[in-house]
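Engineer: Quick one: the structure is below, questions incoming.
4 protein chains.
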Amino acid sequence: MSKSEFSQSLLANSARPQTAADKIPIIARGAVSDRAKEVLNQVERFVEEECIPADVLFHSQLGEGERRWATYPPVIDELKAKAKKLGLWNLFLPKNHFKEGAGFSNLEYGLMAEYMGKSRVASEACNCAAPDTGNMEVLAKYGTDAQKKQWLVPLLNGDIRSAFLMTEPDVASSDATNITMIMEKQGNDYILNGSKWWSSGAGDPRCAVYIVMGKTDPSNRDTYRQQSVLLVPAATKGITIERCLSVYGYDDAPHGHAQISFKDVRVPASSMVLGEGRGFEIIQGRLGPGRIHHAMRSIGAAEKALEWMIARVNDPRKKTFGKQLSEHGVMLEWIAKSRLEIDAARLIVLNAAVKIDEKDAKNALKEIAEAKVLVPQMALAVIDRAVQSYGGAGVCQDTPLANMWAQIRTLRIADGPDEVHLQQMGKNENKRAREVREKLERQREAGDRLVKQSGVKPVGKSML
Amino acid sequence: MSKSEFSQSLLANSARPQTAADKIPIIARGAVSDRAKEVLNQVERFVEEECIPADVLFHSQLGEGERRWATYPPVIDELKAKAKKLGLWNLFLPKNHFKEGAGFSNLEYGLMAEYMGKSRVASEACNCAAPDTGNMEVLAKYGTDAQKKQWLVPLLNGDIRSAFLMTEPDVASSDATNITMIMEKQGNDYILNGSKWWSSGAGDPRCAVYIVMGKTDPSNRDTYRQQSVLLVPAATKGITIERCLSVYGYDDAPHGHAQISFKDVRVPASSMVLGEGRGFEIIQGRLGPGRIHHAMRSIGAAEKALEWMIARVNDPRKKTFGKQLSEHGVMLEWIAKSRLEIDAARLIVLNAAVKIDEKDAKNALKEIAEAKVLVPQMALAVIDRAVQSYGGAGVCQDTPLANMWAQIRTLRIADGPDEVHLQQMGKNENKRAREVREKLERQREAGDRLVKQSGVKPVGKSML
Amino acid sequence: MSKSEFSQSLLANSARPQTAADKIPIIARGAVSDRAKEVLNQVERFVEEECIPADVLFHSQLGEGERRWATYPPVIDELKAKAKKLGLWNLFLPKNHFKEGAGFSNLEYGLMAEYMGKSRVASEACNCAAPDTGNMEVLAKYGTDAQKKQWLVPLLNGDIRSAFLMTEPDVASSDATNITMIMEKQGNDYILNGSKWWSSGAGDPRCAVYIVMGKTDPSNRDTYRQQSVLLVPAATKGITIERCLSVYGYDDAPHGHAQISFKDVRVPASSMVLGEGRGFEIIQGRLGPGRIHHAMRSIGAAEKALEWMIARVNDPRKKTFGKQLSEHGVMLEWIAKSRLEIDAARLIVLNAAVKIDEKDAKNALKEIAEAKVLVPQMALAVIDRAVQSYGGAGVCQDTPLANMWAQIRTLRIADGPDEVHLQQMGKNENKRAREVREKLERQREAGDRLVKQSGVKPVGKSML
Amino acid sequence: MSKSEFSQSLLANSARPQTAADKIPIIARGAVSDRAKEVLNQVERFVEEECIPADVLFHSQLGEGERRWATYPPVIDELKAKAKKLGLWNLFLPKNHFKEGAGFSNLEYGLMAEYMGKSRVASEACNCAAPDTGNMEVLAKYGTDAQKKQWLVPLLNGDIRSAFLMTEPDVASSDATNITMIMEKQGNDYILNGSKWWSSGAGDPRCAVYIVMGKTDPSNRDTYRQQSVLLVPAATKGITIERCLSVYGYDDAPHGHAQISFKDVRVPASSMVLGEGRGFEIIQGRLGPGRIHHAMRSIGAAEKALEWMIARVNDPRKKTFGKQLSEHGVMLEWIAKSRLEIDAARLIVLNAAVKIDEKDAKNALKEIAEAKVLVPQMALAVIDRAVQSYGGAGVCQDTPLANMWAQIRTLRIADGPDEVHLQQMGKNENKRAREVREKLERQREAGDRLVKQSGVKPVGKSML
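Protein chains in written order, with full-length UniProt numbering: chain U, 1 to 464; chain R, 1 to 464; chain S, 1 to 464; chain D, 1 to 464.
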């Protein structure tokens, strides 16, 4: 490739910095409305100009030690007010399924989520933070009017927060049939007993409601009909937050990842979502779009890591052996590979989002699984390169890199480890076996026939 | 993920086998015309039902030893006649730049090229084989009427074949300024002296014309204006095919990869394309779409390898240790990863194709480079897994795998090795440095300001 | 690290080029006798000065086409005579088990085999080529006096060659119990029926004897007692060499990898090795040292590839973009990684060799498996980097690289694919499970006890 | 490989659990004295039975919050007393250079260090913890009698601790010539001004002395003679510990990684080590053995991670989809690869240790660099697999895995990032270029001569 060509194309590009809308991969551009492009640009500006600077304030206001769990940094409410005013609120609820949201498709929101992934506070500022997003979807989709009034309305307003309680400490929860939390019907109540962990967000003082997965019918022979979902107020008697788990060395206060015990916790039967035995169905529906959100935020984190890496290797103070780091061929290769890997992963996620938009998440199981597996591995690789380029600064609190890495590392585990998804993807792909074998055999037979007819001596014999 | 969900979605899918058009990634579907979808399905059927069986006949007709260079297997002409009749002819010339082709976009043709990549003979059958495609583009774009009449018309008809002579044995040709072939003006003629190799297709008895890159002005201070391109009849006096090069152990007869010497080869000045000093410009324009073609054919090869692998691991005769290979978790993981990697790479190529369609290849330098680097590495990994799953059969003539691997291995080298492209991509991305550093510094300053205003103690200090 | 330090150490090194003995990893040096060091240096000189130059002559004498199978290049006999005279003959038979060899340990011969791996002809020149080596071991270990006289003596003299026939085309032979060749006792004879492939060396006109694995007792309930090994003269009636298999396009003439059919092939019962039902035992014993030989030759091939790569990146004719390739950081990193990976792999093989020397191959199953899996993957990576650094020259006949790659690629398949070995290694390592779990539980209990005694609040709880 | 064979060899092994001495790779065994084997076994027992249980107590006694920096867990002194009594004290000082130590070679101590690497407290318990070990080496090697009396004696007794201050926050310290700390001579004193970070161990209340690298002669044209090393009491006026840095969220209290500012810090000239301008020489000597220690401890950490993984995949409570995790082929492959990678890396380190033992660290620059680069990458991969096998438990405080990962991640950065070492290794290896090119050219010429003499047509032409 010629130098001059590249310079020309760069001149063209650098005339005006590209907006977020300009950077939408061209293959996806046609499916993004003009309104979405405008809002996307607004989200970019809000994140880059308001939220990322506020990240530092967030951590500084948070302070150190136990008191971090007692309250939450005031900057959050300021940003929420700003976002609401700008209309950057509840952007995540897809237009084809929910009337409560801002009216964007999964593709459009996915593009916005990428930018939110560059900041610690942005998702929450726009009321688009996990696990509230998935919980709001569940309530909007399956909740009764009373349930919606009690929990969905304040969640949509950003007045309370919520947690989703599914994983358990003593079993392999990647297989949901292993769950042991018991929900026993007693009169008009359910009595809950059991233990949950990795209940993210339960550490926050605003967390008011738990969406809890348990078993109402543990002996049902259909192992996918044993589970139910109940809405449990966080303040209910019998609930104890035993401790908070760390992720590598981060405890993510005040959000937190709680281990919670339930001892004879009583909730009215009206807390049941959708009906007994529908729990598995509910979590299935819940996971799809959430995986896209996580994936796009991780893409944003990877883009941020790449920016930090570019900043580092062009830092005039950081010459080694007489050279700017950006003159070292290995660094340029890392940058190039990061660019390429991010771009490929983004297309995988956007394609999955469009597939969900076509109908629903069930329609996009394969595409979602691809995004679920590919993106965190990619983002971890990109961030790790950036860490390495920073040396000591990369692993400590002076860059956002180590913390981002730890966050994203959990995505290879949450909602089922990569290996479980790969096995399922493999089995699914392998269902083509008969069709494929039959086709290849037909081709072999046709080939053999052709050779026989022609009278020439066959070369090779198919090992099919 | 639940078993029942997957079964359902599979039932839905398996009702009727998906056509090629059904399998277009949803994110690209909107940009593909109905006519293109129909032709795509035709191409799929032609390849799977006619060409792949004919591959065996091709190799058998070819036979062994020296005589393979003297002629070419008759099945080729039969298939060309069929393809022409079906309208599957010259599909590659993009509609927004050429009137001579079938009127498809790069995206649309790319989808078709994937299927052609599954067969040894398909591209040639549809008159879409390299290097003729790139050569026809050059002639259509830059040729004079006389040049077109002499060479483009018979090429478009499939009556002759051509070669592109650029790489040289004694220099590092990934840097085009290194070229040493001399084209000296003498009166109304040019006299060519020098040596070329990797002149693919020059082995074929039908190869009638060479498109030759050389230097008319080797002392020009602008090193990108020294080169010119001449059209040289293969039969010209002074031209000697010294030998043919092998790729791993394959010589690819009768196509071949020739080393050719030029000793005082004389052609009329009217053979000059576009004008003296325009050589670099011509090859730049030539490379973009060709890289997309190669990439999409490689995607097809990878899909074929995956099919063969699926066939193998479900072969009832190939149980080991009491199990079908498809029951081994490692094999399922290979299948899943292959599926995922192919899908990601395809999106990268299709996005590049759409970007070319938007304007031209210059517009898509970044996207084309991404496809150029990513796809061969992906395809090699997928094919290698398939080889491994076949054991001895995988490395020999009884599967198409080893041969496909060797072909695609050259793509990491041809048109510049991966490493050169990665360096260029890295430099290009690194041109964002000032913009990025300025943004991050603005963010840091804004953050510091916020913390100062709030009066809290700062946590961490940015290592920016 | 300081420049001056490195320069000093280099000056020290460069005073006199290091011999092969100097380059023995220091950790292995104590176990190598002075005589072995001398012979090792002789082998190095013989390979570098006689054999590698003769490789070119070998290929040139071999020529092209079918006639390559009819005879073998005369240079072979010249080199054999030289090697015999130098005492570089039958170096492979380990001193603690065989009196017929040159009296070296597996470690010592392994070091020599590394150098032989750098040349096409060296192993054969020293009568140390597979599959004769393994076959001679079998005969020396298990043969009757008559069998030794008939086959071992001429093999040790280098007068004939041999093949080992185990793998079959229609079954998954990585599981030896799948073998289908039938050896039926009829009076004083065995009648053989079946089909073998990948019978390497059977193409050579000098190949006089096949060591054949088959089933004498296919219904034996102990699936490891069904097999027997017979010595079958290549010229026996009923044997047909159906064809030769290629390896990535190379047919390895005149050695060859044959597919051979047996139709009512009759041999006297005295051809039985060791006794009926002992076949599995024989091949087990045969494989261990052979894997070390292959591994060390592959190390040699990797060293050769690294030399070629160093030669390329310092080739003054091959500057790109104004720089010697060796000035590109990525190339230096490839060289460094190659150095490191070769060194690590070599230590794994040498450690396995010492473990065999301690007692026998059974004693070293784990160590041999590690070498079997690690070395080919390493060598393929190193060679592939060298190929890439050469561009077009790397994949064709102008370097030894592509051919070496293809040869070594088969080692990931031969004697069981990597994946089978990894599963077995994993199962073996996993047999520690009870011991490990008990230890970790004891530690956890002891830790809990300590915390309890101390009266402090426990931090974390072990997820053991 | 046969099941029965493996079972047999396992039976043999499992009769009695292997001791640490039994597990020494056989290739290294001959160089380990009987006394060292005995002590090695003692170290193993001390670590497994005393230290690992005490790790939990250590963390529990440490507690939470700021007070962790004020003191250190009492269990440390108890263990130190035990270790001293057992003679497991100052094992690290190699016998051929120091009379103060326990009289072991680097190889022998390396084997012991592996076991210490399995516990948080073991190295300190045996007075073998970094950075004291390197500091004691410096003092023993270069210190005056007065310096030894003041600092070495209490360090050898385990009465005080120390820190090594070299890295600086504002420069790329992987290039030691970038250091900016000024040490100005004023009369009989030096005045220090500057800033250091990653001063590990400076957080500990027992840390009494800093070994400080700075520049006494910043304008010296020999950039490797500008540096000097001074011994600075931690309590000196003008020294401020600004803050402690975290490593992926871990602050490693009370040890800590401090950022320390020096403002007009005055020390007597007698604090100078070895003499002005000898700083570079001192750190060079200091780094070699320390890298071996780090590497072997990392090997121990990897072994521990593998044990934890084996424990997990055989945990009867953790079945997924009806299977024990150890029955999943992918898990077995992870275990096998981990086993293999650990074994290869260990051999690389042990070989480097023997090379140091032969003479000194300068003698082993290449081997030490190989260990420095290979081991952390290997250990991170092994630990990450273990994390993944544990799911949520793997990333949090309930396993030692995440913390070990974070610790070892810093080793890819400390003492120069991998990339700097790889470049240096590549340059070093590349110094063979002339020798290699000359040899290959001689071989080519000899080959050409042979072909010419034989009169046959040459096949291929060397692209050398």
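Backbone N, C-alpha and C define an ideal beta-carbon position, used for all residues, glycine too. Quick caveat: nothing in here was measured; it's all calculated off a predicted structure.
(1) Quick one: Cα of S:Asn220 to Cα of S:Asn188, how far?
(2) Over the uninterrupted beta strand (DSSP E) stretch that includes residue 524 of chain S, give me the two end residues.
(3) Taking buried to mean at least 16 other C-beta atoms within 10 Å of its own C-beta, is U:Asn106 buried or exposed?
(4) On the premise that U:Ala305 lies in contact with U:Val375, defined as a C-beta separation below 8 Å, what is that separation, rounded to the nearest angstrom?
(5) Counting beta carbon pairs with one atom in the segment 433-452 of chain D and one in the segment 44-62 of chain S, are three or more of them shorter than 8 Å?
(6) Given that U:Glu333 touches chain S, what residues does it touch there, using C-beta distances under 7 Å?
(7) Which two residues bound the contiguous alpha helix (DSSP H) that contains U:Lys337?
(8) At a Cβ cut of 9 Å, what residues of the segment 368-400 of chain D count as close to chain U, listed as they run along the chain?
(9) Along chain U, in chain order, which residues have C-beta atoms closer than 9 Å to that of R:Ala406?
(10) Would you tell me roughly how many angstroms separate the C-alpha atoms of S:Ser173 and S:Met331, rounded to the nearest one?
(11) What ranges does the beta strand (DSSP E) occupy inside the segment 198-224 of chain U, keeping only unbroken runs of at least 3 residues that lie completely in it?
(12) With H, G and I counted as helix, E and B as strand and the rest as coil, what does DSSP make of D:Glu108?
(13) Report yes if the CB atom of D:Trp198 is closer than 8 Å to the CB atom of D:Leu274, and no otherwise.
(14) Report yes or no: is there a C-beta of chain S within less than 8 Å of the C-beta of R:Ile413?
(15) DSSP three-state label for S:Arg161, please.
(16) What's the C-alpha gap between D:Phe280 and D:Asn41?
(17) Have a look at U:Gln226 and U:Lys148 and give me their C-alpha separation to the nearest angstrom.
(18) Compute the Euclidean distance between the alpha carbons of R:Ala379 and R:Trp308, then round it to the nearest angstrom.
(19) Give a yes or no on whether the C-beta atoms belonging to S:Met136 and S:Leu165 are separated by under 8 Å.
(20) Secondary structure at D:Leu155, three-state DSSP: helix, strand or coil?
(21) Give every residue of the same chain whose Cβ lies closer than 6 Å to the Cβ of D:Pro73, excluding the five residues on either side of it in the sequence, and list them in chain order.
(22) Along chain U, which residues have their Cβ under 9 Å away from the Cβ of R:Ser326?
(23) I'd like to know if S:Gly30 contacts chain D, where contact means its C-beta is closer than 8 Å to some C-beta of that chain.
(24) Under 8 Å by Cβ, that's how I've got U:Ile191 and U:Val247 pegged, so tell me the actual separation to the nearest angstrom.
(25) Using DSSP's beta-bridge definition, name the partner residues of residue 475 of chain R.
(26) Assuming U:Leu245 is part of the beta strand (DSSP E), what are its boundary residues?
(27) To the nearest angstrom, how far is it from the Cα of S:Gly277 to the Cα of S:Ile283?
(28) Using the beta-carbon count (16 or more within 10 Å), is S:Ala70 buried or exposed?
(29) Look up U:Lys323 in the DSSP assignment and say whether it is helix, strand or coil.
(30) Put U:Gln18 into one of helix, strand or coil per three-state DSSP.
(31) Give the range of the beta strand (DSSP E) segment to which R:Leu230 is assigned.
(32) For S:Tyr250, which residues in chain R fall below 8 Å Cβ to Cβ?
(33) Between the alpha carbons of U:Arg432 and R:Ile310, how many angstroms are there, rounded?
Structural biologist: So, from the data block:
(1) Rounded to whole angstroms, the gap between the alpha carbons of S:Asn220 and S:Asn188 is 21 Å.
(2) Chain S is shown only over 1 to 464; residue 524 of chain S falls outside these bounds and no answer can be derived.
(3) U:Asn106 is classed as buried because its beta carbon has at least 16 other beta carbons within 10 Å across all chains shown.
(4) With 8 Å as the limit, U:Val375 and U:Ala305 do not qualify as a contact, their Cβ atoms being about 13 Å apart.
(5) Between the segment 44-62 of chain S and the segment 433-452 of chain D there are three or more inter-stretch CB-CB distances shorter than 8 Å, so the stretches are counted as touching.
(6) For U:Glu333, the neighbours in chain S by C-beta distance under 7 Å run, in chain order, Val330.
(7) It spans Gly329 to Glu358 - the alpha helix (DSSP H) in which U:Lys337 sits, taken as one unbroken run.
(8) Under the 9 Å Cβ criterion, the segment 368-400 of chain D contributes Asp384, Val387, Gln388, Ser389, Tyr390, Gly391, Gly392, Ala393, Gly394, Val395, Cys396, Gln397 and Asp398.
(9) What R:Ala406 touches in chain U: nothing, since even the nearest Cβ is about 15 Å away.
(10) In a straight line, the C-alpha of S:Ser173 is about 40 Å away from that of S:Met331.
(11) Runs of the beta strand (DSSP E) inside the segment 198-224 of chain U: 207-215.
(12) DSSP places D:Glu108 in helix when its eight states are reduced to three.
(13) No; because the gap between Cβ atoms is not below 8 Å, this pair is not in contact.
(14) So yes, R:Ile413 belongs to the interface.
(15) Three-state DSSP puts S:Arg161 in a strand.
(16) Cα-Cα distance, rounded: 38 Å.
(17) C-alpha separation (whole angstroms): 25 Å.
(18) One C-alpha to the other measures close to 14 Å.
(19) Contact: no.
(20) Three-state DSSP puts D:Leu155 in a helix.
(21) Closer than 6 Å at the Cβ level, and outside the excluded window around D:Pro73, lie Phe58, Gln61 and Leu62.
(22) The answer, in chain order, is Gly426, Lys427, Asn430 and Ala433.
(23) Interface flag for S:Gly30 against chain D is set, since a Cβ pair is found closer than 8 Å.
(24) Not a contact, Cβ separation roughly 32 Å.
(25) In the structure as shown, chain R starts at 1 and stops at 464, and residue 475 of chain R therefore has no counterpart that could be examined.
(26) Run containing U:Leu245: Ile239 to Leu245, per the beta strand (DSSP E) assignment.
(27) Straight-line Cα distance between these residues: approximately 12 Å.
(28) S:Ala70 should be labelled exposed.
(29) It is a strand residue.
(30) Correct three-state label for U:Gln18: coil.
(31) For R:Leu230, the enclosing beta strand (DSSP E) begins and ends at Gln227 to Pro233.
(32) For S:Tyr250, the C-beta contacts it makes with chain R under 8 Å involve Tyr248 and Gly249, in order along the chain.
(33) Going by the C-alpha atoms only, they are around 8 Å apart.
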